[in-house]
Amino acid sequence: MNTTVSPPPPELDANGLVLLKSMTLPALELWVTETLGEKKFRARQLWQWMYGRLVASFDDMTDLSKAFRTRLAEVARIDALELNDVYQATDGTRKLTWTTLNGSVIESVWIPTESRVTLCISSQVGCAMNCQFCLTARMGLRSNLTVAEIVDQVVQTRRLYEQEQHLSNVVFMGMGEPMHNIDAVIPATDILIDRLGLDFSARKVTVSTSGLVPEIQRFGIESKARLAVSLNATTDEVRDWIMPINRKYPLAVLMKALSEYPVRTNERITFEYVMLAGVNDSMEDARRLVRLVNRVPCKINLIPFNPHPGTEFRSSSPEVVREFAEYLFSKNLNVTVRTTRGDDRMAACGQLGQPGPKSPRRMDAPDRFKPVLQNGIDTASES
Numbered sequence: 032m033n034t035t036v037s038p039p040p041p042e043l044d045a046n047g048l049v050l051l052k053s054m055t056l057p058a059l060e061l062w063v064t065e066t067l068g069e070k071k072f073r074a075r076q077l078w079q080w081m082y083g084r085l086v087a088s089f090d091d092m093t094d095l096s097k098a099f100r101t102r103l104a105e106v107a108r109i110d111a112l113e114l115n116d117v118y119q120a121t122d123g124t125r126k127l128t129w130t131t132l133n134g135s136v137i138e139s140v141w142i143p144t145e146s147r148v149t150l151c152i153s154s155q156v157g158c159a160m161n162c163q164f165c166l167t168a169r170m171g172l173r174s175n176l177t178v179a180e181i182v183d184q185v186v187q188t189r190r191l192y193e194q195e196q197h198l199s200n201v202v203f204m205g206m207g208e209p210m211h212n213i214d215a216v217i218p219a220t221d222i223l224i225d226r227l228g229l230d231f232s233a234r235k236v237t238v239s240t241s242g243l244v245p246e247i248q249r250f251g252i253e254s255k256a257r258l259a260v261s262l263n264a265t266t267d268e269v270r271d272w273i274m275p276i277n278r279k280y281p282l283a284v285l286m287k288a289l290s291e292y293p294v295r296t297n298e299r300i301t302f303e304y305v306m307l308a309g310v311n312d313s314m315e316d317a318r319r320l321v322r323l324v325n326r327v328p329c330k331i332n333l334i335p336f337n338p339h340p341g342t343e344f345r346s347s348s349p350e351v352v353r354e355f356a357e358y359l360f361s362k363n364l365n366v367t368v369r370t371t372r373g374d375d376r377m378a379a380c381g382q383l384g385q386p387g388p389k390s391p392r393r394m395d396a397p398d399r400f401k402p403v404l405q406n407g408i409d410t411a412s413e414s
């Protein structure tokens with residue numbers, strides 16, 4: 032029996048206005064025809080104005096009739112975020128802060144290089160994963176972002192800077208765990224890669240996860256975007272401590288799911304590995320890492336730890352990072368070392384967000400690691 036699944040209803044703001052960026056193109060076509068009583072092609076015109084021309088006002092949609100524009104203004108809105116501030120780092124990186132529909136503040140990071148521009152976007156306000164090395168984790172989870180709020184980070188940033196340099200890559204590596212908000216993240220990736228709209232290559236939209244296995248499996252079926260996994264440890268002992276999600280989905284379970292992930296031709300899963308001095312950067316860790324990933328088509332992205340106030344961790348030295356990378360390379364793995372960008376404006380990996388007065392409880396470090404930790408946080412007492 033052939034069944035058609037109807038798209039979910041569009042998201043609304045507090046005043047009941049439809050958030051146009053909450054809908055994929057098929058959903059927008061359905062809304063325009065069935066709710067507004069317009070012809071289907073009007074939805075594609077509207078889509079092109081929002082994503083091709085990046086307009087912020089219905090008045091600018093000059094090939095739509097005045098009556099249609101007036102009707103749209105009565106029932107819908109284009110933008111879902113309000114830009115607060117832009118903080119520019121000395122290397123050209125820009126951290127953008129936005130106010131969401133519920134009044135929360137989120138952050139995106141515009142990262143220019145000579146060959147490309149990458150936008151790091153957020154999927155939640157805060158995060159529930161409590162990864163010990165990440166500043167966002169100290170916020171706890173406050174709310175999920177809507178589809179429109181996720182997409183609007185990209186649209187408004189393009190609107191601001193597209194004339195300066197073309198935005199070519201989007202990574203879901205900002206605030207939040209994308210797979211924890213998968214019902215919004217998957218349609219957001221669909222909107223980003225739609226050829227009639229923002230037209231990002233699926234190879235240039237990457238969603239990063241700390242390792243929620245059922246959601247990874249669903250993502251592999253439903254989204255064409257690329258997958259990155261924040262691995263950061265080679266034993267359950269260490270990963271249980273620095274990434275508590277590992278207690279639910281330990282390394283063996285995670286790696287089995289990734290070995291079965293539907294990788295497309297010439298595609299690789301990216302493993303992100305934050306280098307923490309004395310914690311996960313030994314040569315034995317490097318050897319274990321080679322064994323862990325040997326059944327997964329992958330590339331390894333080594334990330335020097337970016338400190339933030341109160342952290343007990345330190346970054347591995349450049350010499351240790353280099354030796355670690357050289358060993359992986361000698362075993363025929365595709366390895367890169369991420370260049371730290373924007374750290375002088377707290378815009379680097381792991382530095383986003385503003386913790387509130389009460390943070391999630393810090394995890395107790397295994398006794399053998401306590402001597403290598405700084406005294407920034409009392410790991411036993413904070414709750």
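When we follow the numbering used here, the leftmost residue of the sequence shown carries the number 32, and every step to the right adds one. For each residue, glycine too, the CB sits at the ideal point set by N, CA and C.
For a cut-off of 8 Å, the C-beta gap from Ser241 to Met306 is around 17 Å, too long to register as a contact. When secondary structure is reduced to three states using DSSP, Pro209 falls in the helix class.
Bounds of the alpha helix (DSSP H) holding Gln187 are 178–192. When secondary structure is reduced to three states using DSSP, Ile152 falls in the coil class, being assigned neither helix nor strand. By the criterion of a C-beta distance shorter than 6 Å, Ser390 is surrounded in its chain by Arg169, once the five residues flanking it on both sides are discounted. With a threshold of 16 other beta carbon atoms within 10 Å, Asn46 falls short and is exposed. One alpha carbon belongs to Gly134, the other to Val86, and they sit about 23 Å apart.
Beta-bridge analysis with DSSP links Asn200 to Thr149. Residue state for Asp91 is assigned as helix, using DSSP reduced to three classes.
Taking all protein chains shown into account, Val269 has 16 or more neighbouring C-beta atoms within 10 Å of its C-beta and is therefore buried. Taking one beta carbon from each stretch, the segment 343–358 and the segment 373–389 have fewer than 3 pairs nearer than 8 Å; the two do not touch.
Annotated as distal: Arg299 and Asn332, with beta-carbon spacing of 8 Å or more. In its chain, beyond the 5 residues on either side, Val117, Gln119, Trp141 have a beta carbon closer than 6 Å to the beta carbon of Arg125. With a beta-carbon spacing of about 7 Å, Leu229 and Val185 fall inside the 8 Å limit used to define contacts.
DSSP places Trp78 outside any beta strand (DSSP E); the residue lies instead in the alpha helix (DSSP H), whose first and last residues are 71–78. Note on geometry: alpha-carbon atoms of Asp267 and Arg399 lie some 15 Å from one another.
Counting only the Cα atoms, Lys52 lies some 9 Å from Pro41. Contact annotation: Pro281 and Met394 have beta-carbon atoms that are not nearer than 8 Å. Annotation: the continuous alpha helix (DSSP H) that includes Lys97 extends over 97–106.
If you compare the alpha carbons of Val201, Gly207, Arg190 with that of Arg173, the shortest gap goes to Gly207. In the DSSP assignment, Pro391 falls outside any alpha helix (DSSP H) and carries neither an H nor an E. Put simply, of Thr265, Gly309, Ser232 the residue whose alpha carbon is nearest the alpha carbon of Val351 is Gly309.
DSSP, reduced to helix, strand and coil, places Gln119 within a strand of the structure shown.
Taking each of Thr121, Met204, Arg319, Gln79 in turn and checking the Cα distance to Cys158, the smallest one comes out for Met204. Sequence-distant partners of Asp122 (beyond 5 residues in either direction) whose C-beta falls short of 7 Å from its own C-beta, in its chain, are Arg372, Gly373. Closest option to Ser139, judged by alpha-carbon separation, among Gln194, Asp316, Leu150: Leu150. Between the alpha carbons of Leu198 and Ser347 lies a gap of roughly 31 Å.
The beta carbon of Leu67 sits closer than 7 Å to the beta carbons of Arg102 from its chain, once the five residues preceding and following it are set aside; these are given in chain order.
Counting the other Cβ atoms within 10 Å of the Cβ of Gly83 gives fewer than 16, which makes it exposed. Setting aside the 5 residues that flank it on each side, Val403 is surrounded in the same chain by Ala308, Gly309, Val310, each with a C-beta closer than 7 Å to its C-beta; the list follows chain order.
DSSP, read as helix, strand or coil, puts Ala308 in coil.
Counting only residues of its own chain and dropping the five nearest sequence neighbours on each side, Lys362 has a CB closer than 8 Å to the CB of Val321. Contact between Trp78 and Met92 fails: their C-beta atoms lie close to 11 Å from each other, not under 8 Å.
Going by beta carbons, Ala111 and Asp225 fall outside the 8 Å limit. In terms of Cβ geometry, Met286 and Leu323 form a close pair [threshold 8 Å].
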